[in-house]
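S.K.: Sequence positions in the sequence shown follow the UniProt record's numbering and run 1 to 258.
Think of the CB as a built atom: it goes at the ideal place given N, C-alpha and C, for glycine as much as any other residue.
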Amino acid sequence: MAEEKESTSIPLSQAAEAVDPEDPAKSPPRPSSPTTSTRKACCAVLQSWVSRKFMTGCVVLFPVAVTFFITWWFIQFVDGFFSPLYAQLGINIFGLGFLTSLVFIFLVGIFVSSWVGSTIFWVGEWFIKKMPFVRHIYSASKQVSTAISPDQNTTAFKEVAIIRHPRIGEYAFGFITSTVVLQTDKGDEELCSVYVPTNHLYIGDIFLVNSEEIIRPNLSIREGIEIIVSGGMTMPQVIASMEPMPRKNQNIRLNRMT
């Protein structure tokens, strides 16, 4: 009997390390092997590499997808003007309506350039400007189209300008629309009317700024419009200042107030 009790007895040091089968949570943690640690490190590195490459693919494909989607939508939109007419004739060729629209726009440009076409266009524009709600939409749309017009005589935006606004040390992009000479007791002062868009190109503020305080960058009108419409994402890394614009003879003179 004594021998059986000695054989069944367990030392306290071994009893502390024994695993309780009824409660596995109380069992001591097993030391991780070097192979398991290496495997976890390799998995973490692989996961990080896959995540970075996936995000790189998204960054590269996102502008391509947006450009393709907008271009495809534009082609379908323009094609929809004349494609129903061809469908009535039994002609179902995708892109034919788009080409017809391009030819139609070209012919309209030739017609409006003539004296008869410009007169008819002026009459139609006069009726549109008399409409209460439509005239605001038309004026905003015409402002954008006139700004990028190839006709330099009717271009609304003369130059891209950078002015100190709203405080010293901060600058704002704008467009010079006209110049005016302010006559005061201290002498004549040339002011430039600078249009600063606050909502893309439809709504903005007009500032009269001294012509000597305006920074004229080496940017075209189209580049300035792209910068504002894109929210500054197409901003070039370097902008150089050009020479001041020479004074023009068609300045508007203000009469002195008595």
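Going by beta carbon distance, what residues of the same chain come within less than 8 angstroms of S220, once the five residues before and after it are set aside?
M.R.: By 1-based counting over the sequence shown, the position of residue 220 is 220. Excluding residues within five positions, the ones whose Cβ falls inside 8 angstroms are V160.
S.K.: How is I93 classed by DSSP in three states: helix, strand or coil?
M.R.: For the purposes of this step, residue 93 is taken as the residue at position 93 of the sequence shown. Coil at I93, not helix or strand.
S.K.: Using a Cβ-Cβ cut-off of 6 angstroms (strictly less than) and excluding sequence neighbours within five positions of E226, which residues of its own chain qualify?
M.R.: Position 226 of the sequence shown holds residue 226. So the list reads T234, once near-sequence residues are dropped.
S.K.: Using three-state DSSP, classify P166 as helix, strand or coil.
M.R.: If you number the sequence shown from 1, residue 166 lands on position 166. Coil at P166, not helix or strand.
S.K.: Between which two residues does the alpha helix (DSSP H) containing F127 stretch?
M.R.: One-based indexing of the sequence shown puts residue 127 at position 127. First-last of the alpha helix (DSSP H) with F127: W115 to K129.
S.K.: Over what stretch of residues does the alpha helix (DSSP H) that includes E223 continue unbroken?
M.R.: Residue 223 sits at position 223 when you count from the first residue of the sequence shown. I221 to V229 is the extent of the alpha helix (DSSP H) around E223.
S.K.: Given P132, which residues of its chain have a CB within under 6 angstroms of its CB, disregarding the five upstream and five downstream residues?
M.R.: As a first step, residue 132 is located in the sequence shown; it is residue number 132 there, counting from the start. The answer is none, since no qualifying residue turns up.
S.K.: Nearest to S230 by alpha carbon, out of V134, W73 and F173?
M.R.: In the sequence shown, residue 230 corresponds to position 230, counting from 1. For S230, the closest C-alpha among the options V134, W73 and F173 is that of F173.
S.K.: Determine contact between the segment 190 to 200 and the segment 210 to 224, defined as no fewer than three beta-carbon pairs at a distance below 8 angstroms.
M.R.: These segments touch.
S.K.: What does Q237 pair with, by DSSP beta-bridge criteria?
M.R.: To locate residue 237, count along the sequence shown from 1; it is residue 237. None, per the DSSP bridge assignment.
S.K.: Using only the alpha-carbon positions, how far apart do P236 and F69 sit?
M.R.: To locate residue 236, count along the sequence shown from 1; it is residue 236. To locate residue 69, count along the sequence shown from 1; it is residue 69. Roughly 26 angstroms between the two C-alpha positions.
S.K.: Relative to the alpha-carbon of T179, which residue among F54, F77 and Y195 has its alpha-carbon at the smallest distance?
M.R.: The residue labelled residue 179 in the question sits at position 179 within the sequence shown. T179 has its Cα closest to that of Y195, out of F54, F77 and Y195.
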